[in-house]
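What follows is a set of notes on a single structure, which appears directly below.
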Amino acid sequence: MRRFLKENSLSLGFGALFLASLAGQAVAGWHQLNDELFADGLHQLSLGRYLTSASFAVDVTENWQSEYLQFLLYVMLTVWLVQRGSPESKPLKDAGQESDEAQKVGAYARPDSPRLARAGGWRTALYSRSLGITMGTIFLLSWLVQSVAGWAAYNESRLRQLRDPISWASYLTHSDFWARTLQNWQSEFLAVGSMAVLSIYLRQRGSPESKPVGASHEATGIEG
Numbered sequence: 181m182r183r184f185l186k187e188n189s190l191s192l193g194f195g196a197l198f199l200a201s202l203a204g205q206a207v208a209g210w211h212q213l214n215d216e217l218f219a220d221g222l223h224q225l226s227l228g229r230y231l232t233s234a235s236f237a238v239d240v241t242e243n244w245q246s247e248y249l250q251f252l253l254y255v256m257l258t259v260w261l262v263q264r265g266s267p268e269s270k271p272l273k274d275a276g277q278e279s280d281e282a283q284k285v286g287a288y289a290r291p292d293s294p295r296l297a298r299a300g301g302w303r304t305a306l307y308s309r310s311l312g313i314t315m316g317t318i319f320l321l322s323w324l325v326q327s328v329a330g331w332a333a334y335n336e337s338r339l340r341q342l343r344d345p346i347s348w349a350s351y352l353t354h355s356d357f358w359a360r361t362l363q364n365w366q367s368e369f370l371a372v373g374s375m376a377v378l379s380i381y382l383r384q385r386g387s388p389e390s391k392p393v394g395a396s397h398e399a400t401g402i403e404g
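Residues in the sequence shown are numbered from 181 upward in steps of one, following the numbering used here.
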């Protein structure tokens, strides 16, 4: 058990942080919504009702979709785009999809390479892009859920104000949907760009996201 915890401490640590923050968000969001309902003179919700409400679903999924968009773009753009001196970038000479030899696929696969890296044909081609495909699928699905949940939450708000609800298609072009979406996107783009640039000049000893403390500012694609 101790070995398992040590070897999986990164995923377990982030999993625990995720569950704790999700629980905190649920409680805080529940109180926030009930404050709004109380101000409007409406019946308040139990925590269980709130957890199955459109309000909670949209608040969760609008963050999920932006996070997976961040990783999708990071995975895809770093194939071709490079940043001199950043450990978040490939070496400048390696821009592009790289050769089969460099990627250890097909005839260049090693004995311990994944089976699909050795298979060849469409299976290796698909496996070679499986991370981007998976990130893109999760992003699109969570964005779809956000749009449906946001539409339902927005119409609930309109009904409380004695206004007619709008269609899902109309909501997709509404400012409420795009304000929720873009306020998350811009923060993700800023964070990734900042990390790529700041890691050129700053260090964090022992972190694989940083260059070694003594590495040159010009060193690119080197991690500690």
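Backbone N, C-alpha and C define an ideal beta-carbon position, used for all residues, glycine too.
In the three-state reduction of the DSSP assignment, ASP220 falls in the coil class, being assigned neither a helical nor a strand state. For LYS186, the enclosing alpha helix (DSSP H) has its first and last residue at 182 to 187. Using a 10 angstroms sphere on the CB of PRO267, the tally of other CB atoms reaches 16 or more, which defines it as buried. Annotated as proximal: LEU231 and ALA206, with beta-carbon spacing under 8 Å. For the pair GLY373 and TYR351, the CB atoms are not nearer than the 8 Å cut-off.
When secondary structure is reduced to three states using DSSP, GLN277 falls in the coil class, being assigned neither helix nor strand. In this structure, DSSP gives GLU336 a helical state, which the three-state scheme calls helix.
DSSP, reduced to helix, strand and coil, places VAL393 outside both helices and strands of the structure shown, so it counts as coil. Contact check for PHE319 against LEU213 fails: the beta carbons are separated by 8 Å or more. Taking GLN263 as the centre and dropping the five residues before and after it, the same chain places the C-beta of SER269, ALA376, VAL377, ILE380, THR400 closer than 8 Å to its C-beta, in chain order. For ARG303, the three-state secondary structure derived from DSSP is helix. Contact between the stretch 341 to 357 and the stretch 278 to 285 is absent: fewer than 3 CB-CB pairs across the two stretches fall below 8 Å.
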